[in-house]
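Below is one structure, written out as structure tokens; the observations come after it.
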Amino acid sequence: MKSLVFASLGLAALLAGMPAATAKTLVYCSEGSPENFTPAINTTGTSFDAARPVYNRLTEFKRGTTEVVPGLAESWDVADGGKTITFHLRKGVKFHTVKDFTPTRNFDADDVLFSINRQWKEDSPYNKVSGGKYDYFNDMDMPSLLDSVTKTDDYTVVVKLKEPNVAILANFAMDFMAIGSAEYADFLLKKGTPEQFDQAPVGTGPFSFVAYQKDSVIRYKANKDYFGEKALVDDLVFAITPDATARYAKLKAGECHVNGYPRPADIAEMEKDASLKVIHAPGLNIAYWAFNNTKPPFDKKEVRQALSMAIDRDAIIKDVYLGAGVKAKTLIPPTMWSQDDKIADTPYDPEKAKAMLAAAGVKTPLDIDLWYQPVQRPYNPNGKRIGEMMQADLAKIGVNAKLVTFEWGEYRKRLQNAEDDTGQMGWTGDNGDPDNFFFLLGCPDGKPAGNNIPKWCNAEFNDLLAKARTIPDQAERAKLYARMQEIEHDDEPELLIAHSIVFEASRANVVGYKQSPLGTHAFEGVDVK
Amino acid sequence: MLVYFLRRLALTVPTFIALMFVTFVAIRLVPGDPVEVRVGEHGISPERLVYFRHQLGLDLPVWQQFLDYCWRLVHGDFGVSLSTQTKVLTEFFTLFPATIELSLCAMLFAIAIGVPAGAVAAVKRGSVFDQGLMTISLFGYSMPIFWWGLLLIMFVSVQLEWLPVSGRIDLINYYFDQPTGFMLIDTLLSGESGAFLDAVRHLILPAIVLGTVPLGVIARMTRSSMLEVLSEDYVRTARAKGLSPFRVIGVHALRNALLPVVTVIGLSVSSLLAGAVLTETIFSWPGVGHWLIESISRRDYPALQGGVMLVSTVVIGVNLVVDLIYGAINPRIRHGR
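From first to last, the protein sequence lines stand for chains H and V. Per my numbering: the first sequence = residues 645 to 1173. Per my numbering: the second sequence = residues 1409 to 1745.
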């Protein structure tokens, strides 16, 4: 007992030793360490979040939305039916000053060319630095889209495309298109430490990089010269906290202000806590069950519709997503422009499904393979459990589904090569543009190794997809996408299961924080009251 | 003594070779390689897959990769982390001080409580204290570290608000250079008022959690060793000479009873480092444990292989030192009898 008293007194003494804070600091409990601070060579959201405070891009996503707004380019013109984009760059933008480097010039076209060429051109002196894997640049098909990127003067960059694609404006707002300082790159190259470019970043963003300790902390300070929405705190700290329970405990204890990744199981308790705020929105993702449209009987529309009707998606969302999901009506998540809410939902009707199968000439019992995802994905919390529930639903209409899976890489590869009968897959949007979802059903991606998993090819849908890429006006594009959603719904190449709901939590005294549909975390304009 | 040392040293060579082989093979048995594990729904073109596998040498036969790895290792080249592109040695030595600091404090906690408690339990054999201690130590020994850590965080940090939840220092109030990587030392060097005490406050819970299993082992070992020693003739003689109970127990009995405890402490280093993997994850402690776990999930072969080799070197080194100390204080072992 005595020792407990002494321990308590000792602890009280320790508590009393704490100094008072002077600068205003915002602490974000992040979930892991970044690979480095150059988004072009990274693939994880953790790494993108860590670099985002430092960098800008030519175009930006308006905070909390997928709307593309001016960034380092204050305006742009689209010409040649969507084949030429001329970016007019912002003047007077300063790069950050860091410990070893003080910039001597402002941002200009050379920085844009350097940042794109590093990823694109093998003769760029930085192309091979830090491993030289530019996954996103390749994933977004930039090498096959770009024809040339040139400057006509210090503040004008002209991008010529091989084929019209206005959706590329959203690509320029993605993290991998962050604009770094060419002057800093030259400085480090001469110094013989080019890899430092990726470890101690210099950008133009709302916060400048101060320090990073692996698995512990990343520190930033507000950029007082920032041209955009200013930081409202003096310092930004990423407290790296990999364990979700510890993140929750830190948030409760006031050791951090924002927790980007709370566990769904903790949400109910968080919502009861007056000192915390919980925000949520459907994620920019889709989970679906693809029918292999090249194999009978799945090549028949009626069979696909019947199988879709047999699945009780409400039960899946309740039991597997634990309520953290919304039933999908179209490929497009409800938070994204162009989603057509008028599309009718596919009903759950086993009796009708049975009748439709019989009408389509399918004899039951029918044996099919049902491939389920072997790993948890942002849009699919438990592929096996969803598979088991589907299996049970299908058994009710006389379909014997055999559950099949492989190691994730192998699974994806085999699905892309159409070796399945039916299989679960999904998608997380990259850039908030509908094209980034609709291309999943385009005919070009229906080839082996393409991302059109159902291998469905509809001529009208495909023509509209190509036409939408040539129209700069969003409202006009939306009309085409509405028609594409009708075609997709009518032909049912896949059963759209759900969009997962993404939760974030903060202390109640955090104001101005906006959840991004893209799953990113940004802290300019955020204050602690 | 020199012959004994050389014999022990020679025995570590096959251990290292076996370790190199097991680590090398085990990580390759896990599905997915470093290139594929980065790929999401987009997939990767066969050309890029071949290119990057070639770049990493993954297209070579495994035996050749192993020989290359051994060759580089004997030249002191642990490679470069595939995910961060930083030298494995640099990453290791950045993170290792945090693990050492935590492990040392956990061991200090375990020894400071385990040895006296075990000794008292032996002296008061069969008493309520003895039975209570043995039950508690069994409990501590079998405690799942993850559960224990979270329980303490919820109770001590969240409910009572006595200690911080995780990390090594209050990130809002303190920011200073950390030249040694040992937070207790760096806080003193920083000259920032209150920083040292804050670092101590951050150390308490993780050290208790990590020290709980060794505490159970040390307490039980001390008790059984003490019971054996207390029945020895020389203890009876010491008592008959009229020495005070404190001298009999503290000087004559405990000193001799500690011999096997020293061995147990040496062996506990490996379990401490294993426990550190979980403790570091729960308490966001930036040590090598969490780094190794991340390396597995990222299939970061160089980081994982190098990390395991370096941690193993420490464990083997500590056990060698313990053997030598034991040999020095017990001639029967030194002479192989």
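We treat Cβ as the ideally placed atom computed from N, Cα and C, and that holds for glycine.
- Annotation: the continuous beta strand (DSSP E) that includes V671 (chain H) extends over 669 to 674.
- A direct Cα-to-Cα measurement between H1143 (chain H) and I930 (chain H) gives close to 5 Å.
- Contact with chain V is found for A1093 (chain H), since one of that chain's Cβ atoms lies less than 8 Å from the residue's Cβ.
- Under DSSP, the beta-bridge partners assigned to Y932 (chain H) are H:M1069, H:L1140.
- Checking the DSSP bridge columns, you'll see R749 (chain H) has no partner listed.
- R1644 (chain V) sits exposed, since fewer than 16 C-beta atoms from the chains shown fall within 10 Å of its C-beta.
- Under the three-state reduction of DSSP output, T1420 (chain V) falls in the helix class.
- Comparing C-alpha distances from D779 (chain H) to each of V:V1617, V:Y1459, V:G1624 shows the shortest one belongs to V:Y1459.
- Burial check for Y1642 (chain V): the Cβ neighbour count within 10 Å stays below 16, so the residue is exposed.
- The secondary-structure analysis by DSSP pairs S860 (chain H) with nothing; it has no beta-bridge partner.
- Selection H:K1173, H:P908, H:L733, H:S825 evaluated against D797 (chain H) yields H:L733 as nearest (Cα-Cα).
- Counting only Cβ-Cβ distances below 8 Å, S1652 (chain V) has no contacts in chain H at all, with the closest Cβ about 24 Å away.
- In this structure, the alpha-carbon of V947 (chain H) lies about 21 Å from that of E1104 (chain H).
- Given a length threshold of 4 residues, each whole run of the alpha helix (DSSP H) inside the stretch 970 to 1054 of chain H is given here in chain order: 994 to 1003, 1027 to 1039.
- A direct Cα-Cα distance of roughly 15 Å separates F853 (chain H) from Y672 (chain H).
- Against chain H, the CB of M1562 (chain V) has a partner CB under 8 Å away; the residue lies at that interface.
- The beta carbon of E1640 (chain V) does not come within 8 Å of any beta carbon belonging to chain H, so the residue lies off that interface.
- In the assembly as shown, G1031 (chain H) is a buried residue. Its beta-carbon has 16 or more other beta-carbons within 10 Å.
- Taking C-beta atoms as the reference points, R1121 (chain H) and P808 (chain H) fail to come closer than 8 Å.
- Using a CB distance cut-off of 8 Å, T1431 (chain V) does not count as an interface residue toward chain H.
- Only residues of its own chain outside the window of five on either side were considered, and among them E704, K706 have a CB closer than 6 Å to the CB of V713 (chain H), listed in chain order.
- With distances taken between CA atoms, K973 (chain H) lies nearest to H:A1126 out of H:R749, H:D1171, H:T688, H:A1126.
- Taking every protein chain shown into account, the CB of E766 (chain H) has fewer than 16 other CB atoms within 10 angstroms, so this residue is exposed.
- In the three-state DSSP reduction, V1146 (chain H) falls in the strand class (E or B).
- Listed by position along chain H, the residues whose Cβ is nearer than 9 Å to that of Q1493 (chain V) are E679, N680, I685, V773, S774, G775, E839, D842, Q843.
- Runs of alpha helix (DSSP H) with 4 or more residues, each lying fully within the stretch 1087 to 1146 of chain H, are found at 1103 to 1112, 1118 to 1135, listed in chain order.
- The beta carbon of A934 (chain H) does not come within 8 Å of any beta carbon belonging to chain V, so the residue lies off that interface.
- Closest option to I1145 (chain H), judged by alpha-carbon separation, among H:D1135, H:G1163, H:K1158: H:G1163.
- Taking a C-beta distance under 8 Å as the contact criterion, S1703 (chain V) and A1711 (chain V) qualify as a contact pair.
- For the stretch 1697 to 1724 of chain V, the beta-carbon criterion of a distance under 7 Å to any beta-carbon of chain H is satisfied by H1698, W1699.
- The closest CA to that of G736 (chain H), considering only H:T690, H:F831, H:Y870, is found on H:Y870.
- Your pair S982 (chain H) and P838 (chain H) does not check out as a contact, with CB atoms roughly 42 Å apart and the cut at 8 Å.
- At a cut-off of 8 Å between C-beta atoms, R1056 (chain H) counts as an interface residue with respect to chain V.
- Under the 8 Å criterion on CB atoms, H1610 (chain V) is classed as non-interfacial with respect to chain H.
- Proximity of chain V to K894 (chain H) at the Cβ level (cut-off 7 Å) is accounted for by V1573, S1574, in chain order.
- For the 8 Å CB-CB criterion, T1687 (chain V) and P1572 (chain V) do not form a contact.
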